[in-house]
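A.B. asks: Below is the structure I would like to discuss, written out as structure tokens.
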Amino acid sequence: MNRRSLWEQIVQQLEMRHAELGMAVLQHIKLVAVSVGIAIVIGVTLGIAVSRFRRLEGPVIGTAGMLQTIPSLALLGFMIPLFGIGELPSIIALFLYSLLPIIRNTHTGIVSVDKSVIEAASGMGMTDTQILFRIQLPIAFPVIMAGVRTSTVINVGTATLAAFIGAGGLGDFIFLGISRSMDALVLIGAVPAALLALLLDFVLGRLERAVTPKGLKI
Amino acid sequence: MNRRSLWEQIVQQLEMRHAELGMAVLQHIKLVAVSVGIAIVIGVTLGIAVSRFRRLEGPVIGTAGMLQTIPSLALLGFMIPLFGIGELPSIIALFLYSLLPIIRNTHTGIVSVDKSVIEAASGMGMTDTQILFRIQLPIAFPVIMAGVRTSTVINVGTATLAAFIGAGGLGDFIFLGISRSMDALVLIGAVPAALLALLLDFVLGRLERAVTPKGLKI
Amino acid sequence: GGGGERNGGSEKAGKLTVGSKNFTENILLAHMMAILIEENMDIRVERKVNLGGSNVAWQALRNGDIQMYVDYSGTIVANYYQEETGNAEETLARAKELVERDNLKFLEPWGFNNTYTLAVKQDLADELGLETYSDLAKVSDRLVIGCEFEFLDRPDGLPGLKEVYGMTFADEKGMDAGLRYPSIGEGKVDVINAYATDGMLVVHQLKILQDDKSFFPPYHGAPLVRQDALERYPGLEALFNRLAGKLDDVTMQRLNAKVDAEGLKEEDVAREFLVELGLIEG
Amino acid sequence: MVVFDNVSKTYKNGFRSVKSLSFRVQRGEFLVLIGPSGCGKTTTLKMINRLIPHTEGTITVDGKDIAKQNVVELRRNIGYVIQQIGLFPHYTIEENIALVPALKGWDRKKIRQRVEELLHLVGLDPAVFARRYPKELSGGQQQRVGVARAMAADPELILMDEPFGALDPITREQLQDEFLRLQKEFRKTIIFVTHDMDEAIRMGDRIAILKDGELLQLDTPERLLTNPVHGFVEQFIGKNRIFQNPELLPVTEVMRSDPATISPHRSPERAISHMRQRHTDTLLCVDEQGRLLGIVSAYDLQGDAARIQSVGEIMQPADPILPLEATARDALVKISESRFGLIPVVDSQGKLTGVVTKGSLLTVLAGRWKEAEAGVGS
Amino acid sequence: MVVFDNVSKTYKNGFRSVKSLSFRVQRGEFLVLIGPSGCGKTTTLKMINRLIPHTEGTITVDGKDIAKQNVVELRRNIGYVIQQIGLFPHYTIEENIALVPALKGWDRKKIRQRVEELLHLVGLDPAVFARRYPKELSGGQQQRVGVARAMAADPELILMDEPFGALDPITREQLQDEFLRLQKEFRKTIIFVTHDMDEAIRMGDRIAILKDGELLQLDTPERLLTNPVHGFVEQFIGKNRIFQNPELLPVTEVMRSDPATISPHRSPERAISHMRQRHTDTLLCVDEQGRLLGIVSAYDLQGDAARIQSVGEIMQPADPILPLEATARDALVKISESRFGLIPVVDSQGKLTGVVTKGSLLTVLAGRWKEAEAGVGS
Ligand SMILES: Nc1ncnc2c1ncn2[C@@H]1O[C@H](COP(=O)(O)OP(=O)(O)OP(=O)(O)O)[C@@H](O)[C@H]1O
Ligand SMILES: Nc1ncnc2c1ncn2[C@@H]1O[C@H](COP(=O)(O)OP(=O)(O)OP(=O)(O)O)[C@@H](O)[C@H]1O
Ligand SMILES: [Mg+2]
Ligand SMILES: [Mg+2]
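Chains as they are written, first to last, in the numbering used here: chain A, 18 to 235; chain B, 18 to 235; chain C, 279 to 560; chain D, 375 to 752; chain E, 375 to 752.
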């Protein structure tokens, strides 16, 4: 069925669509950045809350988990009456999907901090909040970052679904390619998405290394 | 547009489809159990490898991350020529999607184990393998389990996509419901999926608690 | 199914897998094929309905994971083989010709033409006096269109429409097929692309506009079956041809709506229709 | 400042690690908790800052029941040196110490000064160590940082759990000295856990001996040493402790209280026969009130016996002499200066109460040594 | 067994924590490493089992260069007590101790027995502690488990980093005794880090004193005490150490080497004038070869002088006497038994070499005490 080689097709499609592709990449980054950004803030907060008030653990992590099980199409569908179509519902959906790894790793990271360090800190009269921000979060940082990085990478993949609801991004190319059986188009969308995931993970890794205090490095 | 109330619709659909629903739930569990099972074995192994040979970290975690970015439709599409449709390609895809949180948390968990404990262990002549299995893995267990639980819950959601490729499961109901705008059908698929996620998370949590040695509990 | 004895066991017991794409009509038709086989031949039928789109079904068929499903002439020509479509007869002939390359056979169409069309809400149509695509073109700069990705991109989709009718929409939103109806239902878009036989048109009380310049190619639906299956079960082709021409657009729309609007089970609707036609016993 | 009233701690597994503890620590007092491993010292300490909640009784700090106090408030004013050291691995040494002052809102310059001051105090050169991370320090260096950190915000009450356990004697002694100086100067109240009796004796105003969660004795080091109320206390103090710490032993313990005396008016003959009777070659001259006047020796007498009427004429001034409050250590140091090999001990009125001889000193010291030896096998 | 040849360690930040260390530890020897906090003791120890790689020189264990040996093999045969204790938090006490034997494939029953035996050895009741987790133990209890764990598989060479640092004196002494007994009985080679000089003296066959990464002196406790080669060593040992450890001081240091002697054939008159001359009231009788025969006292002489021809007739047997190898402690213990307030010291041929008197003892002991006092200010 391929009258042209895959490579020729890719070149042809890229010639035709390079401007759109640039836009799609930018749009994809925007979707990921905004949704993960919010997810970090909310997810870390919830993770903290859960590690502080143990009875919240079931409800919060359970809810975040249940959100993960809602297929994106269903979630997007439910959102149309509330938020319409386009960016907003996509970002909300992506945000909801990003929560679980961040919440769970924040929680696990915090409760794994060495007890004698916590004891020293509370023994010197630090409030729970101070212990949290100055001791637990910095020491739990690598574990939390593992959650954030997982979440971000998954999010780059999930963000292709924004195409379903008219929010653009690289998903436009991929799903178009799929529905038209044009592997070239799929690749034009999928390769930048994969590269974007690698790039974001790399940047977050650098950030992690830069922010992790020297004393915690191996 | 709904001439019957949502509740009536649900009742009607359940009456008509309860047998299929039961099958779908079992099928869903099978897909999740098999794919997560394999992902735990391979993911933990890779996580260990990555923490042992630090130069593997980039390639392995990068690859697992890139896999996450491939939209499920594209991944499933690529797999048809190789594995056809049905269970096998679904399980392979689900397995691939489950790797990242497990690999990453295994790695993070292992490298976070208290240095003086490792020093004591290696100082008494334990081989790296013995340290791994008797010291690092047990102590990293809560962090690894956080990854496994995240992965499992996400997997329950992703497994709905198996419907695309004829592997059945709860996705059949959800996607039919979506394409027909029948919330009742969506719910009949989504609610059991959510409950399944909760149940699996609960079971894994119990398992975690049962297996975590008393000395590590808070 | 258990109608094996009726044919006196002349056929050697075997297995066939019937597939379908992931929309109501295609699922209904798959069930019809399956029921016909079950009721008339001593063959076990497996249903792999609701596959994720044309592409999945098409690949599964060529792989041999399924032996048959219902496809459309325009889709075959334009989508799978990426050739120009012509009028109904040309397209059908071309489709039949093309699939032979892949050892498939496109059987006789069952009657309906599930072509693309454009739909707006009834009240908007009333308000703006919309009947035809040309009417729509005049006010299109004030309207937002929501459509499937492929429609947005295919030369025989929106780009061609814009050229032929001179439409210029205020915004074009590509989205998943399943989300078009809720989007227009909630007023987030004004116009959507639809299929002529969609049951959802009835549900959402949408008005189908007239393709007054006959822009869209024909999409006549017929079973697409693997050659090897036809050879192995010689009665098969004749069995399916019994339905040829029996399902016009209106009938198809009615059946689709039974599932989409009334929430009936696809298999039940299919069986009921076959009984109605007298092709199987009730 | 700190009052325990019938305080007990029962762990979840039913183990009672502290049993009905009652004691009172004055402001400015240095109390040492000591006892065998696992006797409940750490538990007692941690109950004060509520790191371990007590299960019975009441603890008050500064007159306020700690159970009813805001726990952060309570701890903010208590310095705490944890047994496991527990430095913050992600902070440099400097940041570890600066943390509480920073939380209390001190200004940067003051904090910087304080950190430098404290690092010097614990014997670590700020130029070398301030920017290192805990894992780059030796065990003893880490421990010292832990001490500096507890003192950073200048708390009134300091709880210290074996703070010098990992230090060599020189560093330890320097820190002990600095600490005592600071404590006396600023009247800090300190509760100090140690397992080292020497340290306890050196540092403590009072020492509490715990065993199996019970308080056996709480007393000043001197009274504890001379008056152990319990066999275990005695054993724990160590039989040869006194021998090693002659400054803790009152001179009255090493003197003979029946010195051979004579009135200065007596004749030399009388003196000689008295010496023979008492098996001694020196007599102490005293007046009617028993006040010490001088010393007469056999050698002097033998030479001059014919020439004189009364011993008073050849009596030598008694030097050195020791007051009643003197210690065995004073006696030890002075006995070699003594011409006669003995030192008279006089009370505040100058009255002779006893005499320390080489023999009496050695008898007591060696006697304790022999006891210790006998005790080893038991 | 362990040989250091010019070994140095330079950390990544350029800090040299161990400098050109060379020494040799014999099989069955107990070597103590001691020195101030941060001097490189832990570093030295960890270089032996390659937990810290040395950057220069060679270390051999059992004749093999450790750098060329399989590291697991090497460590498997070396017991190691880590300074931070480092118990495995997820294992019970029992499991912590049983781990290495289990890895070595011992059978269950043997392991069980060994665990019980070791827990008893370190003074923890297996019934109470075997099933607890580390966090449920006090600091000292955890430390003891660490010691038991290192010994579990009965290694030939044991490295111990401040293993008794958190223990009270009684528990510590018990463990020290047990350890010495075991070491002598099974000829273990032990390298032991401590900061406690008493412990070093008590335990070590030889003691190595480190400072700033350099080896200042490596010697037996006796030679170290009497012959410190370096001002710092002397300071570190502590001036009053001898006074506290009379068993370390040879009797020759506290005796007078010019005892007043007399031949048993001499007349009583001659003896009395000799006594007066020497300011003493006892004379030691010796034969022509200088062998000790007995003691003559002034009191005995005064009574019997007229009745006898030679002092030999009233000479008393000399008891107690001390051999040359005796210590000041022996002298201290025996002096009070002595009727005459002195103890003759004889060599192996019975020849008189000196005499210990109360005066000579006190002079030496008090003299050191005074030195110590003078030293405090410096
Ligand atoms: N990772 C490191 N980087 C730089 N210097 C280090 C590092 N680890 C230790 N040091 C330094 O090396 C020196 C020796 O450390 P070591 O742990 O051997 O001391 P130590 O003799 O065991 O002291 P202590 O009795 O206090 O335990 C110390 O001054 C310490 O500060
Ligand atoms: N969580 C716990 N559960 C049960 N028993 C405990 C727990 N924590 C401590 N104990 C026990 O309580 C007793 C007192 O412990 P504590 O830590 O106060 O001892 P300590 O006097 O500080 O000893 P050390 O000098 O060894 O540090 C010990 O016997 C210990 O085993
Ligand atoms: Mg303690
Ligand atoms: Mg050390």
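The C-beta atom is built at its ideal place from N, Cα and C for all residues, glycine as well.
1) What in chain B is Cβ-close to A:L117, meaning under 8 Å?
2) Buried or exposed: where does B:A107 fall if 16 or more other Cβ atoms within 10 Å of its Cβ makes it buried?
3) Using the beta-carbon of each residue, find all residues closer than 7 Å to any heavy atom of ligand 4 and list them in chain order.
4) Out of B:V165, B:G126, B:A56, B:G140, point me to the one whose CA is closest to E:L448's CA.
5) Just to confirm, does A:E136 get its C-beta within under 7 Å of one of the non-hydrogen atoms of ligand 2?
6) On the DSSP letters alone, give me the boundaries of the alpha helix (DSSP H) that C:K440 sits inside.
7) Suppose you measure from the CA of B:I78 to the CA of B:R223; what does that come to, to the nearest Å?
8) What is the rounded straight-line gap between the Cα of C:D454 and the Cα of D:R505?
9) Taking the alpha carbon of D:Q651 as the point to measure from, which residue in E:A680, E:Y673, E:R630, E:I669 has its own alpha carbon closest?
10) Which one or two residues does DSSP pair with E:C659 in a beta bridge?
11) Report yes if the C-beta of C:D326 is less than 7 Å from at least one heavy atom of ligand 2; otherwise report no.
12) Going along chain D, which residues have a C-beta under 7 Å from A:Q147?
13) With DSSP run on the structure shown, which of helix, strand or coil describes E:E491?
14) Do we get a CB-CB distance below 8 Å when we pair B:S129 with the residues of chain C?
15) Would you say D:Q458 reaches chain A, if we count a Cβ-Cβ gap shorter than 8 Å as a contact?
16) Around the C-beta of E:V750, are 16 or more other C-beta atoms found within 10 angstroms, so that it is buried, or is it exposed?
17) Taking 7 Å as the cut-off, does the CB of D:K442 come closer than this to any heavy atom belonging to ligand 6?
18) Do you know how far the Cα of E:Q517 is from the Cα of B:P230?
19) Closer than 8 Å between beta carbons: that is the criterion. Which residues of the stretch 551 to 578 of chain E meet it against chain D?
20) Does the CB of B:R7 have a neighbour CB from chain A at under 8 Å?
21) Taking 7 Å as the line, does the beta carbon of E:C413 fall inside it for any heavy atom of ligand 2?
22) Helix, strand or coil: how does DSSP classify C:T475 here?
23) With DSSP run on the structure shown, which of helix, strand or coil describes B:F70?
24) Less than 7 Å between the CB of D:H569 and some heavy atom of ligand 2, yes or no?
25) Closest Cβ-Cβ distance between B:M18 and chain A: below 8 Å?
26) For B:F181, which residues from the same chain have a beta carbon less than 6 Å from its beta carbon, with the 5 sequence-adjacent residues on both sides left out?
27) Mind listing the chain B neighbours of A:Q29? Cutoff is C-beta to C-beta under 9 Å, in chain order.
28) Taking C:E545 as the reference, give the member of C:G292, C:S298, C:E428 with the closest Cα.
29) For C:Q483, which of C:M319, C:A539, C:L306, C:E386 has the nearest alpha-carbon?
30) Note down, in chain order, each residue of its chain lying with its Cβ closer than 7 Å to the Cβ of E:P691, except the 5 sequence neighbours on either side.
31) How about D:E510: is its Cβ closer than 7 Å to a heavy atom in ligand 1?
32) Determine, for D:S712, whether the minimum Cβ-Cβ distance to residues of chain E falls below 8 Å.
33) Hey, could you find the ends of the beta strand (DSSP E) A:I205 is sitting in?
34) In chain order, what are the residue ranges of uninterrupted beta strand (DSSP E) at least 3 long that sit wholly in the stretch 343 to 372 of chain C?
35) Helix or strand or just coil, what does DSSP make of D:D439?
36) Helix, strand or coil, according to DSSP, for E:H428 in the structure here?
C.D. replies: Considering the structure as presented:
1) T167, V170, I171
2) The question names Ala, but residue 107 of chain B is Ser in the sequence shown. Buried, because 16 or more other Cβ atoms sit within 10 Å of the Cβ of B:S107.
3) D:S512, D:G513, D:G514, E:K415, E:T416, E:Q457, E:D535, E:E536, E:V567
4) B:G140
5) no
6) 436 to 443
7) 29 Å
8) 58 Å
9) E:Y673
10) E:I636, E:G668
11) Here residue 326 of chain C is Lys; the residue named in the question, Asp, does not match the sequence. The answer is no for C:K326.
12) L477
13) helix
14) no
15) yes
16) Residue confidence for E:V750 is low, a pLDDT of 36 falling below 50, so the modelled location carries little weight; the figure read from the coordinates is stated next. Exposed.
17) As for ligand 6, it is missing from this structure, which binds only ligand 1, ligand 2, ligand 3 and ligand 4.
18) 21 Å
19) H569, D570, M571
20) The first residue shown for chain B is 18 and the last is 235, placing residue 7 of chain B beyond what the model contains.
21) no
22) coil
23) coil
24) yes
25) Note that B:M18 scores a pLDDT of 43, beneath 50, so its modelled location is shaky; the value from the coordinates is reported in the next line. No, no contact with chain A.
26) L93
27) By Cβ distance, chain B contributes nothing, its closest Cβ being about 20 Å from A:Q29, past 9 Å.
28) C:S298
29) C:A539
30) G668
31) yes
32) no
33) Per DSSP, A:I205 belongs to no beta strand (DSSP E); it is in the alpha helix (DSSP H), 200 to 228.
34) 346 to 350
35) strand
36) coil
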